[in-house]
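**Student:**
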Amino acid sequence: MPHQVPVVDYLVLDGEPHLSARQCRGCDAVYFDRRNACAKCFTTEFTPRRLANTGCVRAFTFVHRVKRPFVSAIVDLDGGGVVKANLLGFGAPEDVAPFVRVELTTFVVGTDDEGSNAIAFGYKRAEEAA
1 MPHQVPVVDY LVLDGEPHLS ARQCRGCDAV YFDRRNACAK CFTTEFTPRR
51 LANTGCVRAF TFVHRVKRPF VSAIVDLDGG GVVKANLLGF GAPEDVAPFV
101 RVELTTFVVG TDDEGSNAIA FGYKRAEEAA
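Using our numbering, read the sequence shown as starting at 1 and increasing by one per residue.
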């Protein structure tokens with residue numbers, strides 16, 4: 001398997017791919033980036049937190065500024081956390097709606113001269129429970 005490099009620091013590829021954030025110890029606010037203090041309560045202590053791979057679409061828009069349009073969305077993650085990401089595999093515009101259940105997926109966005117793959121993430125429609 002080629003070496004994999006996540007395109008963002010908060011995408012963890014070891015084991016099952018997932019997003020990782022920092023949770024404020026004072027108010028439980030969740031941040032993807034490094035913080036010196038919480039923007040909500042000003043506490044300076046944070047705990048690493050693995051975020052759920054599932055959630056639901058809060059809002060979305062169709063982006064037509066490129067040759068191949070895509071869907072950009074805000075996803076409310078189960079158990080807390082919110083992330084902006086692209087939706088993948090939705091066929092027609094009417095397939096996307098608020099509250100649609102989605103799950104994290106990863107994909108290769110490029111390969112360097114040594115064969116290392118750059119890995120990005122997005123969300124696809126969640127598998128229905130059998």
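Glycine residues also receive a C-beta, built at the ideal position from the N, C-alpha and C atoms.
1. Tell me where the beta strand (DSSP E) around tyrosine 123 begins and ends.
2. Return the bridge partner residues of proline 17 from the DSSP annotation.
3. Helix, strand or coil, according to DSSP, for proline 93 in the structure here?
4. Whose CA, out of Lys67, Pro48, Tyr31, lies closest to the CA of cysteine 41?
5. Short check: CB of phenylalanine 121 to CB of alanine 85, under 8 angstroms?
6. For the beta strand (DSSP E) that contains valine 102, what are its first and last residues?
7. When DSSP labels each residue in this structure, what does lysine 84 get in the three-state scheme?
8. For glycine 136, name the three-state secondary structure that DSSP assigns.
9. How about arginine 58 and aspartate 78: are their beta carbons less than 8 angstroms apart?
10. Please return the same chain residues whose Cβ sits closer than 8 angstroms to the Cβ of glycine 115, not counting the five positions on each side in sequence.
11. Between the alpha carbons of leucine 13 and glutamate 94, how many angstroms are there, rounded?
12. Would you decide whether alanine 129 is buried or exposed? Buried here means 16 or more other CB atoms lie within 10 Å of its CB.
**Tutor:** Short version:
1. Per DSSP, the unbroken beta strand (DSSP E) holding tyrosine 123 starts and ends at 117-125.
2. Its beta-bridge partners do not exist; DSSP assigns none.
3. Helix, per DSSP.
4. Closest by alpha carbon: Tyr31.
5. yes
6. 101-111
7. strand
8. Residue 136 is absent from the model: the chain starts at 1 and stops at 130.
9. no
10. The residues are Pro2, His3.
11. 32 angstroms
12. Its pLDDT being 44, under 50, alanine 129 is placed unreliably by the model, and the measurement read from it follows with that caveat. Result: exposed.
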